[in-house]
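Some notes on the structure that comes next.
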Amino acid sequence: MPDTGLHLAITLFIIASCMSGEELKPAIGLIPFGLLCDLDSLFGIHRATLHNVFIIALPLIFMAVPQLRDKIKLRWLALADILIASHILLDAFYNGVFLFYPLSVDNYNLRFWFGLNEAGPGISFSWFVPGNVEEVHYAVKPSPSVPEIGIISNGIELIILVSAIFSFIMRFLAPFTRARSP
Ligand SMILES: [Zn+2]
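The opening residue of the sequence shown carries number -1 in this note's numbering; numbering runs sequentially from there.
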């Protein structure tokens, strides 16, 4: 999977670009939605149980709680959905996800390439669906292809995460400190 640090960075970028500087509390409350899919590495089937299209309905549960229904804005729920979808999409580009689990055990493994080669400029996109029951078994028992949950694996991810944290701080904390200063 992409490392947790990369998921966190994308989450912070999306929140910082979609919310106003006065929404610090809901912004912090939305951060877990970009990360929670990976809880299925602790239970269920990793890349399946919480990495499918049906999990995008999860934020609607909050609307069922009367005490929360009036306080939560629809825009925040939509953003929670976007964060969950961004996590699943990012994973789909890295070894794939079981997008329609439990109705299907096909593993959607996306590929995208854009650049120059000896034939000139080129672009390609494809999705492999090699999944079968064995693929689910492979996801339950991590093989060398899914050996661990990394936080940050290299300097590129570190720079991206630091940039995302900086964007988040500039969006939400800078207005807060400005308002407090005389
Ligand atoms: Zn994941």
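All C-beta atoms in this analysis are idealised placements derived from N, C-alpha and C, irrespective of residue type, glycine included.
Note that this is a predicted model, so its numbers are computed, not measured.
In the displayed model, residue 56 falls within a helix according to three-state DSSP.
Looking only at 70, 95, 63 and 5, the smallest Cα-Cα distance to residue 81 is reached by 5. A residue is called buried once 16 or more other Cβ atoms fall within 10 Å of its Cβ, and residue 20, having fewer, is exposed. With fewer than 16 other Cβ atoms from the protein chains shown falling within 10 Å of its own Cβ, residue 68 counts as exposed. In this structure, the beta-carbon distance from residue 95 to residue 49 falls below 8 angstroms. For residue 121, the enclosing beta strand (DSSP E) starts and ends at 118 to 126. The nearest non-hydrogen atom of ligand 1 is less than 7 angstroms from the C-beta of residue 36. In terms of Cβ geometry, residue 126 and residue 107 form a close pair [threshold 8 angstroms]. Remark: the shortest separation between the CB of residue 89 and any heavy atom of ligand 1 falls under 7 angstroms. Taking residue 120 as the centre and dropping the five residues before and after it, the same chain places the C-beta of 111, 112, 113 and 114 closer than 8 angstroms to its C-beta, in chain order. Distance from the CA atom of residue 40 to the CA atom of residue 18, rounded to whole angstroms, is 34 angstroms.
When secondary structure is reduced to three states using DSSP, residue 91 falls in the coil class, being assigned neither helix nor strand.
Around the C-beta of residue 105, 16 or more other C-beta atoms lie within 10 Å, and the residue is accordingly described as buried. Between residue 22 and residue 170, the C-beta gap is smaller than 8 angstroms, which places the two residues in contact.
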